[in-house]
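**Student:** Sharing a structure, written as structure tokens. Questions coming.
Numbering (the numbering used here), first residue to last: 2 to 122.
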């Protein structure tokens, strides 16, 4: 699992659903501005269900749903064209903000100079 706040980032559309060796493979398309938070083997919440991302392509990603998860959640009812709620990785958003010089600290973000001064280089 991963940190899930319950706050929805965006709505995605089910692109594909197929059965592979008893598992359900889903692909989703989401708005481009949120795709940057999706990484292979990273985490995403789909309709509040914490899942591991199998692969990423453009503004989409795929997940593999094991039979237990399919049986215990509403994902088993989803078909291509359905909309689902997406919460992307919370830590990824915090790291992005830190690197961009978001609020807090001196507003300069993380630089090679700061990393060296802090003993990381």
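Where a beta carbon is used, it is the ideal one built from N, C-alpha and C, also for glycine.
Since the structure is predicted, the reported quantities are computational estimates derived from the model, not experimental observations.
CB residue 31 to CB residue 60, shorter than 8 angstroms?
**Tutor:** yes
**Student:** Between the alpha carbons of residue 114 and residue 96, how many angstroms are there, rounded?
**Tutor:** 18 angstroms
**Student:** Run through the DSSP bridge pairs and tell me what residue 54 is partnered with.
**Tutor:** 64
**Student:** Based on Cα-Cα distance, which residue from 77, 26, 121 lies nearest to residue 62?
**Tutor:** Answer by Cα proximity: 26.
**Student:** Can you look up residue 85 in the DSSP assignment and give me helix, strand or coil?
**Tutor:** strand
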